[in-house]
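Report on one structure; see the data block that follows.
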Amino acid sequence: MEQRLGLLGLMDHLPTELIDDLHLIVSELATNACQTTPEREITFKAVFEERSIWIGVWDSSNEAPKPRQIGPFPAGDLQPDAHALDEGHESDDIGGLGLPIVIALTDERGVEFTPPEGKWVWARLKH
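Be aware that the sequence shown starts at 1065, since it is given in our numbering, and climbs by one per residue.
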């Protein structure tokens, strides 16, 4: 993403926070696509518009992403997992926060299905 922004001469014209948000959004969408369709091709596309940036990731799954519901959390409900970083440790309590992050950071987002298979999961940020 950064290389593409640089080639277009946008690195000096976009706020650092926006670039950071773009990196995070692309990472989350690509991670979801890879998890949904392991060992299958995914496609990334970015369209730099006059007042916004559209980013999308295509995968071959026909399943719509489902954002995880988060919060509100009762006081004391969040407890750190002392083994979260241990090799091989798995927990149902971690993960699933990517789409809520994308929703929080973007102005628009959606899913467009591409028959006979697949979909674009996309997001737009205004700048």
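Glycine included, C-beta positions come from ideal geometry on N, C-alpha and C.
Just so you know, these numbers come straight off a predicted model, no measurement behind them.
Contacting residues, own chain, Cβ-Cβ under 6 angstroms from Thr1022 (five flanking each side not counted):
Nothing can be reported for residue 1022, as the shown portion of the chain is limited to 1065 through 1191.
With C-beta atoms as the reference, is Arg1188 less than 9 angstroms away from Glu1176?
Walking along the sequence shown from the start, residue 1188 turns up at place 124. Walking along the sequence shown from the start, residue 1176 turns up at place 112. Contact: no.
DSSP state of Gly1152, grouped into three classes?
The sequence position of residue 1152 within the sequence shown is 88, counting from 1. The answer is coil: DSSP assigns Gly1152 none of H, G, I, E or B.
My output table needs one value for Asp1171: the three-state DSSP class, helix, strand or coil.
Reading the sequence shown from its first residue, position 107 is the one you call residue 1171. Reduced to three states, the DSSP call for Asp1171 is coil.
By DSSP, does Thr1101 sit in helix, in strand, or in coil?
If you number the sequence shown from 1, residue 1101 lands on position 37. Thr1101 falls in the coil class under three-state DSSP.
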